[in-house]
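Shown next, in structure tokens, is the structure this report addresses.
Numbering (this note's numbering), first residue to last: 87 to 192.
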């Protein structure tokens, strides 16, 4: 009897495959959203950084090309990880409520 209860609680192979496919889709959506945010952040950061390094006396003296690249790449990396994380969590939350009757207000 106890052995039958253990087998009844075991998830089926198809449900595990569905969960894996859903997880892959969530991570792909997060990666794409993060890449888009990184591109936008790179452009939005590179223009004022390069402009200040060329026009301002302090920037000309202190912001060499390595510093400019560090500023731009740090902002792009932060944007990627923040947006990817938020997208993955929102997608997982939305998919976890699929079986319920709760409205999706995101």
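In this text, a Cβ means the ideal position worked out from N, Cα and C, and glycines have one as well. Remember, it's a predicted structure, so these values are computed and weren't measured experimentally.
CA-to-CA distance, residue 100 to residue 154, given in whole angstroms: Rounded to whole angstroms, the separation of the alpha carbons of residue 100 and residue 154 is 50 Å.
Span of the alpha helix (DSSP H) around residue 167: Segment 151 to 182, the alpha helix (DSSP H) holding residue 167.
Considering only C-alpha positions, which residue in the set 117, 102, 128 and 169 is nearest to residue 156? For residue 156, the nearest C-alpha among the options comes from 128.
Which whole-angstrom value is the C-beta distance of residue 135 and residue 158, which I expect to be below 8 Å? Their Cβ separation, rounded to whole angstroms, is 6 Å, which keeps residue 135 and residue 158 in contact under 8 Å.
Where residue 133 falls, given that 16 or more other Cβ within 10 Å makes a residue buried: By the Cβ neighbour-count rule, residue 133 is exposed, with fewer than 16 other Cβ atoms within 10 Å of its own.
Whole angstroms are fine: how far does the CA of residue 145 sit from the CA of residue 115? Those two C-alpha atoms are separated by around 38 Å.
Quick one: grab the DSSP three-state call for residue 114. Three-state DSSP puts residue 114 in a helix.
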